[in-house]
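In what follows, a structure is listed as structure tokens, so that the remarks can point back to it.
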Amino acid sequence: MKTTFSLNRIGLLLSRYFIENKQRELSFWGIATVIFMFMHQPGSISVFVFIAGLIFAANSFKAFNYTPTGMHFLLIPATHTEKLITAIILNTVYFFIAFLITYCAGTVIGINLENLIFDRNTPVVLDLFQQGNYQFGDDSVNLWNMFYSFAIVQAIFTLGSVYFKRSSAFKTILTFFVLAFVLFLFELLMLKIMFGSFSLSGHNSFNINLPRDYELFTGWETVGEIIKYVTLPFLWIVSYFRLTEKQV
Amino acid sequence: MVNIQNVTFSYSKKTELLSNMSLQLEPGRIHGLLGKNGEGKSTLLKLISGLVFPTSGTIDTMGFVPEKRFPEMLQEIYFLPEELPLLTMSIQNYENVYAPFYPKFSAEQFNNYLKEFDITDKHQMLNKLSHGQKKKVFVAFGLATNTKLLLMDEPTNGLDIPSKGQFRRMVASAIDDTRCLLISTHQVHDLDSLIDSIIIMEKHRIVFNQPIEEITKKLYFCISDRNEKDNAVIYSEDTLRGLYQVCENKTGDDSKLDIELLFNAVLTNTKQIVELFK
């Protein structure tokens, strides 16, 4: 055995997961397939996947819920990197692929059953793969964007599961909202200091008026893209260090 | 095999659980770790295996810094905790999943140990077993990993009377010159024929660490008449069967070590006994 990265050990850790959670996985994806038979709206499917995914990710390190199981997990002869990569593979790649497979299976079965029962001739269309043709919130969504956003949410909840011993999903959501609120207050404070107003789009009682398409900083989109692609590895790295520091 | 130097550990800033502790463990020995509740015995096992990190001082476990938890070190350590992990898999699957992590694991040994413990059906689910049955599986697996270092926290808790004897036989046969076993226990009578070195913790530090041969060379254990007075007596306990005594062994006679009596003697007369072994 080597301290350096070992694919064999990752394989062993993955097989450990599937052997231990075989029944739960089969039940969950079975139920998901049935849901996708009736649910065809990409927006609702996305919401379902994000919520189910975050619960799944929040359980990545559920071994730490109970000290003896946490001890057992930490003492498995594999590096922290391998343990984290296994968790990422499971809650991001595996979950998303399993979701796509069950989505396709559920949709195909559902539409064909509908056609058979109600004597219709509805064509089988997998809306999720029709790039940019549906709305999710304010943005046009394609599969890659959906996957990337999903990966970030999973990374946040994976970090939460290393950080919090119990009820990690709830505590992560709470932390997220507290942080968002603090950032919101900070933003208001900065606006007040810089512009003497709490808003940049005020028209009535504030000192400044800006057109809706006004860009305060040029190149902001590039910065946004960089932040977007740095966030994911950043969250993984923080999770790694948290895992190396974990004591039970 | 394990070298602990001046280690201090605390779970909170206010109270130190281990204070400036030093300890060396040699291979080829079965060390019994004794101490009252809350002295830090389990924590010591955790420190050696890297589950908790020292506040100060250094620990060397088989040439590794345990807190790094390198696979090369972990594949040579098997830790049997007092409370067992919750795993929803069969004994067979447990073997299939975890054995490949331990290069020296012997399936033949595992099967033999299970057989000795009267566990014949490996398709039984671990989460459906009683605590004692589950413990037998983990003891059998731990011994079959053939790791250099075995750490056991109260291994006989939950075992029935015949199983305690089987446990002693198995451990005695599994330990060789390359392996080291550290057993933390309160059940001293379960292990008195097994352990060959005794470590006693008191007030969050190790106050006594001696091999059995040295103990019986310097101390004499006997049952005396209540009226007999002996200047060499270090500690005595009045029981229904007579006066149990720990005396200084001035004549070099052999006696059977009574670990419980030794433990109480060390806690009562720490200074005198430590001086005797200097």
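Residue numbers (this note's numbering), protein chains in the order written: chain W, 1 to 248; chain L, 1001 to 1278.
Yeah, the Cβ is synthetic: ideal placement off N, Cα and C, and Gly gets one too.
Model, not experiment: these values are computed from the prediction.
Determine the closest residue to L:V1207 out of L:L1219, L:A1265 and L:E1154, with distance taken between C-alpha atoms.
Reading the second sequence from its first residue, position 207 is the one you call residue 1207 of chain L. Taking only the C-alpha atoms, the option nearest L:V1207 is L:A1265.
Endpoints, the beta strand (DSSP E) within which L:E1202 is located
Here residue 1202 of chain L corresponds to residue number 202 of the second sequence, with the count starting at 1. Element bounds for L:E1202: S1197 to E1202.
On the DSSP letters alone, give me the boundaries of the beta strand (DSSP E) that L:Y1220 sits inside.
As a working mapping, residue 1220 of chain L is identified with position 220 in the second sequence. Where L:Y1220 is concerned, the enclosing beta strand (DSSP E) stretches over L1219 to S1224.
Just checking, does the region 1140-1155 of chain L make contact with the region 1102-1117 of chain L on the three C-beta pairs under 8 Å criterion?
yes
By DSSP's criteria, L:E1248 is part of a beta bridge. Which residues make up the other side?
In the second sequence, residue 1248 of chain L corresponds to position 248, counting from 1. Answer by DSSP bridge pairing, in chain order: L:L1219.
Reduced DSSP category for L:L1084 - H, G, I as helix; E, B as strand; rest coil:
For the purposes of this step, residue 1084 of chain L is taken as residue 84 along the second sequence, with counting starting at 1. L:L1084: coil per DSSP, three-state reduction.
For W:F136, which residues of its own chain have a beta-carbon under 8 Å away from its beta-carbon, when the five flanking residues on both sides are left out?
The residue given as residue 136 of chain W occupies position 136 in the first sequence. The predicted position of W:F136 is uncertain, since its pLDDT is 48 and thus under 50; no value can be drawn from it.
In or out: W:N121 buried (at least 16 other Cβ within 10 Å) or exposed?
For the purposes of this step, residue 121 of chain W is identified with residue 121 of the first sequence, where counting begins at 1. The residue is exposed, with fewer than 16 neighbouring Cβ atoms inside 10 Å.
From L:L1045, L:E1116, L:E1214 and L:S1056, residue whose alpha carbon lies closest to that of L:L1034:
Mapped onto the second sequence, residue 1034 of chain L falls at position 34. L:L1034 has its Cα closest to that of L:L1045, out of L:L1045, L:E1116, L:E1214 and L:S1056.
May I ask you to list the residues that DSSP assigns as paired with W:F280?
No answer is possible for residue 280 of chain W: it lies beyond the span of chain W, which begins at 1 and ends at 248.
Taking the straight line between their C-alpha atoms, what separation do you get for W:H40 and L:G1040?
Mapped onto the first sequence, residue 40 of chain W falls at position 40. Mapped onto the second sequence, residue 1040 of chain L falls at position 40. If you take the alpha carbons of W:H40 and L:G1040, they lie about 58 Å apart.
Suppose the cutoff is 6 Å on Cβ atoms and the five residues either side in sequence are ignored; what does the same chain contact list for L:Q1187 look like?
Numbered from 1 along the second sequence, position 187 holds the residue referred to as residue 1187 of chain L. Hits under 6 Å: T1156.
L:I1004 to L:T1055 span [Cα, whole Å]:
Taking the second sequence and counting its residues from 1, the one referred to as residue 1004 of chain L is at position 4. Taking the second sequence and counting its residues from 1, the one referred to as residue 1055 of chain L is at position 55. Cα-Cα distance, rounded: 13 Å.
Please identify, using Cβ separations under 7 Å, the residues of the region 11-25 of chain W that lie next to chain L, in order along the chain.
L12, S15, R16, I19 and E20
Mapping the DSSP letters down to three states, classify W:P233 as helix, strand or coil.
As a position in the first sequence, residue 233 of chain W is number 233, starting the count at 1. Correct three-state label for W:P233: helix.
C-alpha gap between W:G224 and W:A57, whole angstroms
Taking the first sequence and counting its residues from 1, one reaches residue 224 of chain W at position 224. Taking the first sequence and counting its residues from 1, one reaches residue 57 of chain W at position 57. Roughly 25 Å separates the two Cα atoms.
DSSP state of L:M1279 mapped onto helix, strand, coil:
Within the shown structure, residues of chain L are numbered from 1001 to 1278, placing residue 1279 of chain L beyond reach of any answer.
Of all the CB atoms in chain W, is at least one closer than 8 Å to the CB of L:Q1075?
Here residue 1075 of chain L refers to the residue found at position 75 of the second sequence. It does; some Cβ of chain W falls within 8 Å.
Are the beta-carbon atoms of L:T1088 and W:E20 separated by less than 8 Å?
Position 88 of the second sequence, counted from the first residue, corresponds to residue 1088 of chain L. Position 20 of the first sequence, counted from the first residue, corresponds to residue 20 of chain W. Yes, the pair counts as a contact, with Cβ atoms nearer than the cut-off.
If contacts are defined as beta-carbon pairs under 8 Å, then L:S1173 and L:K1136 qualify, I think. What distance do you get, rounded to the angstrom?
Counting from 1 along the second sequence, the entry for residue 1173 of chain L is found at position 173. Counting from 1 along the second sequence, the entry for residue 1136 of chain L is found at position 136. Going by Cβ atoms, the distance from L:S1173 to L:K1136 rounds to 16 Å, so no, they are not a contact pair.
What three-state label does DSSP hand W:E82 in the structure shown?
Along the first sequence, one-based indexing puts residue 82 of chain W at 82. Helix, per DSSP.
Touch test, the region 22-32 of chain W against the region 98-106 of chain W, Cβ-Cβ under 8 Å, three pairs minimum:
yes
Give me the DSSP bridge partner(s) of L:G1032.
To locate residue 1032 of chain L, count along the second sequence from 1; it is residue 32. In the DSSP output, where bridge partners are listed per residue, L:G1032 has L:I1183 and L:I1198.
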